[in-house]
Every structure is written in C-alpha cells, then in structure tokens.
Amino acid sequence: MPETVENDPDEYVAVCARCGIAIKTEEVGGELDGRFVDYVERMQGVANFVLCLDHWEEFKNNSNTSVEDGIARRAQSIADSQRNMDRYL
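Just so you know, this note's numbering puts 1085 at position 66 of the sequence shown, and the rest follows in order with no gaps.
Structure (structure tokens):
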C-alpha cells in the first residue's frame, strides 16, 4: 500500500481494479488486458484491469493454485466465516 497520499491527480496513473486506490507508476504491479465473459450478466466484452503491487501478487498466487488447494481454502474460508458469526451470537 502507498505510504503517502498526494493531492495532485497527475501523480497517479491508474486505479487498482481490486481495491480501488489510486496508484502511481511505481505502484503498478501488473495489468490484464483482453476479452472477458461475464456469466452472471451473460455478456462478453473487452477490459483492461490494472492492479497494485499487493493485488498483483495475490492474483499471481491465486492463479497458480491447484483445485485441491482451492477446495482447502474454500473450507477454511467457510470455517472462518462461521467462527466470526459465532462471536456475535
């Protein structure tokens, strides 16, 4: 995440598609450029997504995850959500 916030819009080159923060050139981690399919809205299109350094690393890590590891992450996420809900009951 950025250490400082500049008020000059010219300092920023993009907005991270994941977290929505304005980012400077040196904070851009990566970019996805191409076609997409939205299965919910049943449409296709072309998009360009810029990601900050943190979310680019997250994207690369998640993209290299096996289905087996993804199943384990899903189970852990459900368990964590249930544990959080139990605290409020």
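C-beta: ideal position from N, C-alpha, C; glycine also.
The beta strand (DSSP E) spanning residue i covers which residue range?
i       : result
Asn1067 : Met1062 to Cys1071
Glu1030 : Counting along the chain, Glu1030 falls outside any beta strand (DSSP E), and DSSP gives it neither H nor E.
With DSSP run on the structure shown, which of helix, strand or coil describes residue i?
i       : result
Arg1037 : coil
Asp1105 : helix
Val1056 : strand
Quick check on residue i: buried or exposed, where buried means 16 or more other Cβ atoms within 10 Å of its Cβ?
i       : result
Glu1046 : buried
Val1069 : buried
Cys1035 : buried
Quick one: measure Cβ to Cβ for residue i and residue j, integer angstroms, because I've assumed they're closer than 8 Å.
i       : j       : result
Ile1042 : Val1032 : 7 Å
Stretch-stretch touch, CB-based, cutoff 8 Å, three pairs: the stretch 1036-1044 with the stretch 1069-1079: Yes: the two stretches touch, three or more of their Cβ pairs being nearer than 8 Å.
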